[in-house]
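Numbering (this note's numbering), first residue to last: 52 to 217. For every residue, glycine included, the Cβ atom is placed at its ideal position computed from N, Cα and C.
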Amino acid sequence: MELKRRWRRQLILLNKKFRITEMKKFTLFLVFAGLTISCNTSDDEGSAISEPTILGKWYIKGGTSNGGEFQNYNHDCETSRDFQEFFTNGELTFNGHNTSCELNEVELAAWILNGSILTISSSPFDPMLYEYTYIVESLTNDELILKQTVNDPEGIIVYRSTFTRN
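Printed below as a string of structure tokens:
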């Protein structure tokens, strides 16, 4: 369940739906129980990612926590899946559907891609300020894999979230 919470908040931003309807009321990124402090090392920066490839809709597939078993993301609606969409103007939206398949949540955030480092932050009008940093581990026309390393009171946690175009 904690992994779902992390993905949801990321996905709002890339993390934001993970406790089904309760987590929908929290504002990605993606939607993590509290503010987390992200960290990464320069070794993780890797090569530059093509910004045009990241633009558009990405459907949440699932992810892992600390290299554990892949957990599928449970969409509330089977016919209309939750997604996030990257726009050329630096905006990102998380779009969530309820069990009636109605679009009941659209969360706005800002994004910046610098090399392989993706930063997601709250929009200027969001009362909850946040900023999450991800490493784009893989980006193709059909799949996006983001890695986030978090210093938690219980230790370092590494989340990997997977998104697909279809």
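As DSSP reads the structure, Y181 sits in no beta bridge. Looking at the DSSP output, S173 sits in a beta bridge with A160. Classified as exposed, L106 has fewer than 16 neighbouring CB atoms from the shown chains inside 10 Å of its CB.
Beta-bridge partners of K108 (DSSP): E136.
Membership of S212 in the beta strand (DSSP E) is indicated by the continuous run G206 to T215. Beta-bridge partners assigned by DSSP to F121: none are found. The three-state secondary structure of E194, taken from DSSP, is strand.
The C-alpha of G206 lies about 22 Å from the C-alpha of T170. With at least 16 other beta carbons inside 10 angstroms of its own, R211 counts as buried. Between S172 and G113, the alpha-carbon positions lie close to 21 Å from each other. Comparing alpha-carbon positions, the option among S116, E142, N155 and E120 lying closest to D127 turns out to be N155. Taking each of N140, N192, L197 and G119 in turn and checking the Cα distance to S167, the smallest one comes out for L197. DSSP places E102 within a helical segment (H, G or I) once states are collapsed to three.
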